[in-house]
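Below is one structure, written out as structure tokens; comments come after it.
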Amino acid sequence: MAAGAPAPAAPKPAVAAASPVSGAKPPAAPAAVAAPAKPAVAANTDAEMADITAKFEGLISKAPYEGVFINDPARLVEVATYVRDGLHFSMLSSITAVDYPKDGVIEVVYHATRVPSGGKPLCFKVRVPREDGKCSMPSLCGVYPGAEFQEREAYDLYGVRFEGNPDLRRILMWEGFAGWPMRKDWKEAYFEGETKPFETRWPAGKHELAEERVPWQDNVTFPKDFDPFSYTSKPDGNIYESMTGNRNSVQGFPDAPVVVDANGMNQPQADEFMDELKTDEIIVNMGPQHPSTHGVLRMVVKLDGETITDLKLALGYLHRNHEKIGERNTWLHNIPYTDRLDYICGLANEWGYVLGVERMMGITPTPRVEYLRILMAELTRIESHFWSIGFLLNDVGAFFTPALYFITERDFIIDLFESVAGSRLMCNYMRFGGVSRDFTEQQLQRAHELAFERLPRAIDELDHFLTENDILKARCIGVGYLPADRSVAYSLTGPCLRAAGVGYDVRKADPYGYYERFDWDVPVRYNADVYDRYLVRVQEMRESLKIVQQVLQRMSKDTKVGDIQAGKKAYNHRVPAGQTYARVETPKGELGFYLVSDGGQNPYRYHIRSSSFINLNSLKEMTVGYKVADSVVILGSLDIVLGEVDR
Amino acid sequence: MAEEQFQNDIPVPDDLKNNIFITSLDKLYNWGRKRSMWPMLFGLACCAIEMIATAASRHDLARFGWELMRASPRQADLMIVSGTVTKKMIPQIVRLYNQMPEPRYCVAMGACATSGGPFKEGYNVVSGVDKYIPVDVYIPGCPPRPEALMHSFIKLQEKIEKQSIRTVRWYQKGDEVSIPVPMLGPDLVDMRKANEIKAQAATV
Ligand code: SF4
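Chains as they are written, first to last, in my numbering: chain P, 269 to 915; chain W, -2 to 201.
Pasting the structure below:
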């Protein structure tokens, strides 16, 4: 596929065409298609930047460190349309804002990507004044529908109004919350100092209870003359009123022919069966406490009968302020926090963060480190896919029996993590330019057993019992269809995108680590439904296993034992001033870290582009028109983890 | 003395002699309920993953008679607060707790549920679930290992054993503990402290 070509159109969901992953390659959909090994684009985006600078003369100027400025926010849409259609950057990876109180501006930063060919992302930035009222700019939802949630996040945390965003409400906090919490001059209730280590505690080593320091004896603060008795709380804003979908707006609604009678009421046309069966519209809240929402997610579903006609998500129930805390932390402090983003695959997240910092500091890890990182990250991928398939089965109705088998296998993998890194889930294993511990002979032996015996057997077993299972097929085939072009427009990444026929995988598209030195493929399938997402995950486990096996075979030959740190070990890193957007392929999709350093001991901006969060953009289009029971299956196939959704 | 009374008052047929246990009602009551605790199927964050691992094959919570995780608070006896309690979530947690029937217990699992943990200073984080809900057992750890969670169950069983049916709160007259649901205003408003908050807000 030529670089920058638009994503191929996917065929309609072919109900009968799905074939098992095991055995011979299925004829209809090749199980694995390698993305171009070397992207045809240049390694940097200078050519493209020169192109838009020339095209929009006077409008574009070069930004420090990375990307370009669009000097007139009003013309953003025009430029973005050209970036998408003229330069073929068809996916918007990330939107975020950075606050510069000294300049009195908030900078909104966009990163666009070519899919599936990849290469470096194109970065463009817009600056708007900080003052309320003036802090507004056009929305990009019309060009990139995947911008919706990210714009809402920037609005929620920075107060940038995106005019034209279809649902500009707070997304992580609630409506009515006072202030824009990520702005540099906004202080949380337990504020102690701008950056760690806090002078109040260090070097004397004294500490006191945060509760005793603050006027309300709690982690809260209220505006002057606040009166709880007269305040009316409306945390979700007008979420219910804004759900306008109905049977007329749903393509292929079960009783298709609908006429509107004189009273404006919807009347199904004469159909004896439907005459008896009157359906009502009803809004159902699923979550935040619901066994099928995989955590504290809340889906607000509008139903007509059993058919979903509209869907909205209420997020933020696990918003733990990673970014605010991350900007107070020192660079090193943040590594254990990344474990807690997507807590199923902590090791994969760590890599994204250390990769970004290493790029800014110009460190090259030693070969041993690269091998160990790949080993850990790929084992994490297998573990995470075990987990997600198990829980998909829960959602389908096979309550916990399959999941228990997979959790058992997963336990063996995290046992290995524990013996190497010291913790089952929160490994805190990677360092800038290194890892914290090397494998011993014994541990390598265990990894060997896992990679060559236990895990292949487990994956075969999974495949054998599930892939051809009638119930699984009945519940999954043709459900949750989202074609390739829409998936790309919604910035969907990870196995879900690859199940729609787009072979975009950061490991090949924007390579990092030593992935290029191993022999493996990117599994792609074309039906874009829940079943294909399942098949892609199964195949991905096999590919990961292939990588792990090669690593284990070559490690002792290619690397030196104990060579696990490039440069000196340090506690206090100073990262040169700069910016970077580093991304890795986690089991859920593209995880990006947008880091800005001002040369100090702490990140000036620490933004997490999380795939779970952005993948949820597309949930509405995937579910509308299906039955309510399908919604949990579709959500399960997206494989979200709330720690990463809400951060 | 007790033996004499027994012999005098209650006729015991010969074939039942040596087959009867005498115990107090308290012991029987506590013995029954401590081994049939139904936890609520309720995960908040990373700690929930370890909670699931505890219930899964290797650690096997069923050995304690606690395996029946109920998704509905109406059928649950125990709330395991497994993760970070955020301000946005606490109204729901309080509501769920209020919906649980007595006797009900609460385990704060992990650093976050105990005190806010690594995220304590976050603007959307409640520093410990005990700011709103009475907690019976705290477990340290981030996340606590499954063994630690099991340890908390054993501790809770010990606690249950010590309770007496005559004095437990939920059989007393007029006992109806329900916690006022906090409100999401400009910040989280604890309705029990509404008067203080109003007074304090006038002065800042
Ligand atoms: S205590 Fe640690 S593992 Fe548990 S929820 Fe908090 S951050 Fe996650």
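Just so it is clear, CB atoms sit at the ideal spot from N, CA and C, and this is done for glycine as well.
Quantities reported herein were computed from a predicted structural model and do not represent experimental measurements.
Using a Cβ-based criterion (distance less than 7 Å to any ligand heavy atom), does residue i qualify as near the ligand SF4?
i	result
P/R915	no
P/A689	no
W/A42	yes
P/T500	no
W/A108	yes
P/M694	yes
P/T577	no
P/P483	no
W/G125	no
W/Q139	A small fix is needed here, since residue 139 of chain W is Cys in this sequence, not Gln. Yes, since a heavy atom of the ligand SF4 falls inside the 7 Å radius drawn around the Cβ of W/C139.
W/P115	yes
W/E80	The sequence given here has Gly at residue 80 of chain W, not Glu. Yes, the Cβ of W/G80 comes within 7 Å of a heavy atom of the ligand SF4.
P/R395	no
W/R142	no
P/R382	no
P/R608	yes
Using a C-beta to C-beta distance shorter than 8 Å, which residues of chain P count as neighbours of residue i?
i	result
W/S79	Simply none; closest approach about 11 Å.
W/I136	Chain P residues near W/I136: none, gap ~15 Å exceeds 8 Å.
W/E155	Residues of chain P passing the Cβ test: none, with the nearest at roughly 26 Å.
W/T180	A quick correction: the sequence has Met, not Thr, at residue 180 of chain W. Simply P496, Y499 and S501.
W/V122	N487, R588 and N589
W/V201	P483, F490 and K492
What in chain W is Cβ-close to residue i, meaning under 8 Å?
i	result
P/W484	I194 and Q197
P/T489	D184
P/L693	C43, I46, E47 and P140
P/F445	L181, P183 and D184
P/I257	Past the edges of chain P, shown from 269 to 915, lies residue 257 of chain P, and the structure says nothing about it.
P/Y605	P115
Kindly list, in the order they appear in chain P, the residues whose Cβ is closer than 9 Å to that of residue i.
i	result
W/F150	Going along chain P, no residue has its Cβ under 9 Å from W/F150, so there is no contact; the nearest lies around 19 Å.
W/E118	E456, A457, Y458, F459, E460, A478, N487, N589, K592, I593 and R596
W/P131	Going along chain P, no residue has its Cβ under 9 Å from W/P131, so there is no contact; the nearest lies around 17 Å.
Less than 8 Å between the C-beta atoms of residue i and residue j, yes or no?
i	j	result
W/G182	P/P496	yes
P/K452	P/D367	yes
P/D773	P/V790	yes
P/V940	P/P384	Residue 940 of chain P lies beyond the residue range present for chain P, which begins at 269 and ends at 915; the question has no answer from this structure.
P/V819	P/A616	no
P/S404	P/E419	no
W/V78	W/L38	no
P/I593	W/G119	yes
P/P871	P/E595	yes
P/G624	P/L360	no
P/K393	P/A331	yes
W/K31	W/E158	yes
P/I882	P/G335	no
P/L609	P/S879	no
Between residue i and residue j, how many whole angstroms is the CB-CB distance? I'm expecting something under 8 Å.
i	j	result
W/I176	W/Y129	6 Å
P/E549	P/H875	Not a contact, Cβ separation roughly 39 Å.
P/F707	P/L640	7 Å
P/L750	P/A768	6 Å
P/W448	P/V843	That belief does not hold up - the Cβ atoms of P/W448 and P/V843 are roughly 26 Å apart, past 8 Å.
List the residues of chain P whose Cβ lies closer than 7 Å to the Cβ of residue i, in chain order.
i	result
W/Q89	P556 and Q557
W/M147	Neighbours of W/M147 on chain P: none; closest Cβ ~15 Å, over 7 Å.
W/A191	P496 and F497
W/L38	P559
W/A68	P559
Mind pulling the chain W residues with CB within less than 9 Å of residue i?
i	result
P/R469	Result: empty, since nearest Cβ-Cβ is about 12 Å, beyond 9 Å.
P/T676	A53, S54 and R55
List the residues of chain W whose Cβ lies closer than 7 Å to the Cβ of residue i, in chain order.
i	result
P/V564	L41 and M86
P/K474	The premise fails here: P/K474 is roughly 17 Å from chain W at the closest Cβ pair, so nothing lies under 7 Å.
P/G911	A42 and C43
P/W442	K85 and L181
Self-check item: chain W contacts made by the region 790 to 818 of chain P, where a contact means CB separation under 7 Å
Solution: Listed by position, the residues of the region 790 to 818 of chain P near chain W (Cβ gap below 7 Å) amount to none.
Quiz item: Given a limit of 7 Å on CB to CB distance, which residues of the region 576 to 600 of chain P reach chain W?
Solution: G584, Y585, L586, H587, R588, N589, K592 and I593
Self-check item: Near-chain P residues of the region 93 to 117 of chain W (beta-carbon distance less than 9 Å), N- to C-terminal order
Solution: From the region 93 to 117 of chain W, only L93, C109, G113, P115, F116 and K117 have a Cβ closer than 9 Å to chain P.
Quiz prompt | Interfacial residues, the region 652 to 681 of chain P to chain W, with Cβ spacing under 9 Å | solution = W655, F668, A671, L672, Y673, I675, T676, R678 and D679
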